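Chemist: Residue numbers (mature numbering (1 follows the signal peptide of the UniProt record, and there is no 0)): -38 to -1, 1 to 346. Glycine included, every Cβ here is placed at the ideal spot set by N, Cα and C. Quick caveat, the model's predicted, so the values are computed rather than measured. The structure follows.
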Amino acid sequence: RDFAEVSTTCGFSEPCSARMLRCFALLLICVCANKVRCLHSSCGAEQEPAARQGAAGCGCGNVKRAAAVERDPAIKYSRDTNERRSGREDSLLNHNKMIPSVKMVLISGGGFLMGTDNPGIPADGEGPQRPVHVDSFYMDIQEVTNRQFQSFVNATGYVTEAEKFGDSFVFEGLLSETVKNQISQAVAAAPWWLPVKGANWRHPEGPDSNIMDRLEHPVLHVSWADAVAYCSWANKRLPTEAEWEYACRGGLKDRLYPWGNKLNPKGRHYANLWQGDFPTHNSGEDGYIQTSPVMSFPPNNFGLYDMVGNAWEWTSDWWTVHHTTHQQHNPKGPTTGTDKVKKGGSYMCHKSYCYRYRCAARSQNTPDSSASNLGFRCVSQEQH
């Protein structure tokens, strides 16, 4: 509500004390409602029609910081801004000391059909299916881990955006009672997402958690800018959406998942996803109820692990739901925008809520967003 609505609600026919109390309560609600928002999101394929059309819901943890960016994100995070770094920043991020060795595989270039004509979530712009050709590139076989990101931070002194903002979004089911009792806000469309003070890559579930037993798990709570900074330091970059999807498919044509069309062929789990009833019960049938160590599940035909599930992965593309059907060569998405594309889904994805663990599926977040299910991996034109 805006102030006019609040003023109208507080009728002068009420006693003064009651009127003041009601006005105060309404103003408090307005402040809380505007503090945390979840915008432009859509739910899984089995949700109500309005959610499928992107009119409501908070699909796949598409949580965003409200008014956190002082400048238009299209300016702050434009390609020019991120490519024209100052000399000092270049020196910092390209410092080669302690760069971890990460195995990369050559993804031989070729053509494929990107997207799908049978979208699970039409509002996400999964279609139409279109011919795309990508040149050869190298890709990390795994998502960037906590250990690797720690090496980057130790070498450069980098501070993530979640650390600067002082909070990040965490799935409610992972929080201790102590942390939950300190939170008075939630995302209205997805109350299982809570903004937790002190949550960041070092403390995934808030101040009383750490990563000491999760060094080989994917790093979380990293914004798009954080991912770009790491990639630059490692002399790599984020994949385009087209490169990511081409690699995800592993050479298979028009299949739902990196391994085929059946989610659990022969009863075997091929990805870290949610089993049970979301968001109240995760049975952990795949062996995990949150992130798993990288490479815990079988790779696709290109030798890439966790291309779906485990953690969402940032790409370099700006978000759009409008695509040409003409043949494209190395498409890079729009030149500017407000949201960045993320791919792959996470351990929180379930078909009833977040049917985005498919090769063609996609979602988006503002570049400064961070959450307990969002990470990345790097690519390069050269072997490292």
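By DSSP, does His161 sit in helix, in strand, or in coil?
Modeler: Per the sequence shown, residue 161 should be read as Ala rather than His. Reduced to three states, the DSSP call for Ala161 is coil.
Chemist: Count the other C-beta atoms from every protein chain shown that fall within 10 angstroms of the C-beta of Asp301, then say buried if there are 16 or more, exposed otherwise.
Modeler: Classification for Asp301: buried.
Chemist: What's the call for Asp170, buried or exposed, on a 16-neighbour Cβ count within 10 Å?
Modeler: Classification for Asp170: exposed.
Chemist: So Tyr192 is in the alpha helix (DSSP H); what residue range does that whole segment cover?
Modeler: Note, Tyr192: alpha helix (DSSP H), Trp186 to Trp195.
Chemist: Hey, how far is the Cα of Pro261 from the Cα of Asp268?
Modeler: Their Cα atoms are separated by approximately 7 Å.
Chemist: Considering just the uninterrupted stretch of the alpha helix (DSSP H) at Phe111, what are its terminal residues?
Modeler: That run of the alpha helix (DSSP H) goes Asn108 to Thr118.
Chemist: Tell me the residue span of the alpha helix (DSSP H) that contains Val181.
Modeler: Per DSSP, Val181 belongs to no alpha helix (DSSP H) and is neither H nor E.
Chemist: Within 10 Å of its beta-carbon, does Lys198 have 16 or more other beta-carbons around it, so buried, or fewer, so exposed?
Modeler: Buried, by the Cβ-count rule.
Chemist: Are the Cβ atoms of Gly306 and Trp274 separated by less than 8 Å?
Modeler: Yes, the Cβ-Cβ distance between Gly306 and Trp274 is below 8 Å.
Chemist: From Val96 to Tyr315, what distance separates their C-alpha atoms?
Modeler: The alpha-carbon atoms of Val96 and Tyr315 are separated by roughly 32 Å.
Chemist: What is the rounded straight-line gap between the Cα of Thr328 and the Cα of Asp86?
Modeler: Their backbone Cα atoms lie some 15 Å apart in a straight line.
Chemist: Return the first residue and the last residue of the alpha helix (DSSP H) that Thr140 is part of.
Modeler: Segment Glu139 to Lys142, the alpha helix (DSSP H) holding Thr140.
Chemist: Where do the N-terminal and C-terminal ends of the beta strand (DSSP E) with Lys302 fall, by residue?
Modeler: Looking at the DSSP string, the run of the beta strand (DSSP E) that includes Lys302 is Lys302 to Lys305.
Chemist: Determine the direct distance from the alpha carbon of Asn335 to that of Tyr192, and round the result to whole angstroms.
Modeler: If you take the alpha carbons of Tyr192 and Asn335, they lie about 18 Å apart.
Chemist: Using the Cβ count rule (16 or more neighbours within 10 Å means buried), how would you classify Val303?
Modeler: With 16 or more Cβ atoms within 10 Å of its Cβ, Val303 is classed as buried.
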